[in-house]
Structures are given as C-alpha cells and as structure tokens.
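The sequence shown begins at 0 in numbering that gives the first Met the number 0 and counts up one residue at a time.
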Amino acid sequence: MLHRLFPVVFVVACSEPGPPVDHAARRAAFHAELELSLGAAWNAPMAEVVGGAKVSAGQEIYDKSCGNCHGTTLDGRGPRSGGVDPRPPALVGDQAAKLPPAALLAIVRDGSPGTGMAPWGRAFSEAQLRDVVAYILARRQGAATHK
Ligand code: HEC
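Here it is, written out as structure tokens:
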C-alpha cells in the first residue's frame, strides 16, 4: 500500500520549496570549522592579533563599508540588514557571538561563504583589516568614540 503512494509523496516533496535553512546552526558549524582550521591561533591574545592597529582608521572603514549591514552601533540593524538572508549579526552586546580576535579577523578577511558577509580581504590591506577588527573590539569593550 505505502509503496504505491511513494511516487506521489516523492513528487509532492520535490515540488515543495526546501525547508528553511537553520542559520543559527549553520553559523555555529561555520564557527566550529573556523576554530578547527585556526588551531592554536583561535586563542591568540588580542595584542598579538591587533596590536598597533588604529581604532579610528578602523571606525572610518567600518562606518563606510560595514555599518549599512551591521549598524553604526554594531547592533546588527543597519539600513540594509533586512535585505540580506541570513541577517547580519550584532557584533557587540548580549546577542553577539563574542568571537576571539583571530576569528573576527579571519571572517572579515575571508567572509562567510553562502551569506552576505563578503571576503573583505580583496578590498582592504591586512593592516586595514586589523584596524577594523580593533574598532569592533574597542566597541565591545565599551571604549566607544562614536555616537
Ligand atoms: C551585506 C551585508 C554585510 C556587510 C556590508 C558586512 N557584513 Fe559582516 N556579516 C554579514 C552577515 C550576513 C554575517 C553573518 C554570516 C554568517 O551567518 O555566517 C556577517 C558576519 C560578520 C562577522 C562574524 C560575526 C559572527 O558573529 O558570526 C563579522 C566579524 C563581520 N561580519 C564584520 C564585518 C565587517 C568588519 C564588515 C565591513 C568591512 C562587514 N561585516 C560588512 C553581513 C554583512
């Protein structure tokens, strides 16, 4: 009996749009993969990753290239945030993943494949990437110079 129904079920299942992507789970898996690939560098101290970086230069880059999605207050609610799926995460505050400095740098440089987070390593030098990460970390620590 059931085997006769199978082709019908199969056709119906295939004509449905796929199940919605569980972005929280995908993102957690992406972070776990990144942790594996960075190895010991995942825990590199902040000074090692962004030592000497310029927070104010980072803020300029952030406001121009990142705030439209992640918000100028880094709350994930920039003007473009509603137009990307998944939505951009908050980078500070209770909702933020609070990734370590080396992970922030890697994601900003290489992006998050399959999402709106582009690999900014094409647009910015390594020093500029460090500047922008230093700015995120400064905001996370509440050393805001902005609004
Ligand atoms: C078009 C919108 C968009 C722009 C512009 C953008 N991002 Fe993102 N960003 C995202 C999205 C969406 C994610 C989530 C990726 C995921 O789910 O894996 C993300 C993830 C991140 C993450 C990882 C945070 C986490 O908790 O997973 C960091 C750090 C980040 N972005 C920083 C930046 C910086 C710095 C810039 C500017 C140079 C920038 N982003 C520009 C959309 C954007």
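Ideal Cβ positions, reconstructed from N, Cα and C, are used throughout, including at glycine.
Among Leu98, Arg139, Asp84, the one whose alpha carbon lies nearest that of Met116: Per the Cα distances, Asp84.
Given 8 Å, three or more beta-carbon pairs between the region 29-40 and the region 77-95: Here the region 29-40 makes no contact with the region 77-95; the two share fewer than three CB pairs at distances below 8 Å.
Nearest-angstrom Cα separation, counted from Tyr134 out to Gln58: A direct Cα-to-Cα measurement between Gln58 and Tyr134 gives close to 6 Å.
Segment contact flag, the region 38-45 with the region 94-108, C-beta cutoff 8 Å, min 3 pairs: A contact exists between the region 38-45 and the region 94-108.
Extent of the continuous alpha helix (DSSP H) run through Asn42: Per DSSP, Asn42 is not a residue of any alpha helix (DSSP H), being assigned neither H nor E.
Per-residue burial, Asp21 [other beta carbons within 10 Å of its own, 16 or more giving buried]: By the 10 Å Cβ count, Asp21 comes out exposed.
Residue span of the alpha helix (DSSP H) that contains Ser64, given as start and end: Segment 54-64, the alpha helix (DSSP H) holding Ser64.
Host alpha helix (DSSP H) of Val131 (start-end): 125-139 is the extent of the alpha helix (DSSP H) around Val131.
Residues near Thr144 by beta carbon distance below 6 Å, same chain, minus five either side: Any answer about Thr144 is weak, because its pLDDT of 49 lies below 50 and its placement is not dependable; what the coordinates show is given next. If we look at Thr144 and ignore the five residues flanking it on each side, it has no Cβ neighbours.
Per-residue burial, Gln127 [other beta carbons within 10 Å of its own, 16 or more giving buried]: Flag for Gln127 reads buried.
Contact test: Gly70 Cβ vs ligand 1 heavy atom, cutoff 7 Å: No, ligand 1 has no heavy atom inside 7 Å of this Cβ.
Status (buried if at least 16 other CB within 10 Å, exposed otherwise) for Ala46: Per the 10 Å Cβ criterion, exposed.
Three-state secondary structure (DSSP) of Ala105: Looking at Ala105 - three-state DSSP - the assignment turns out to be helix.
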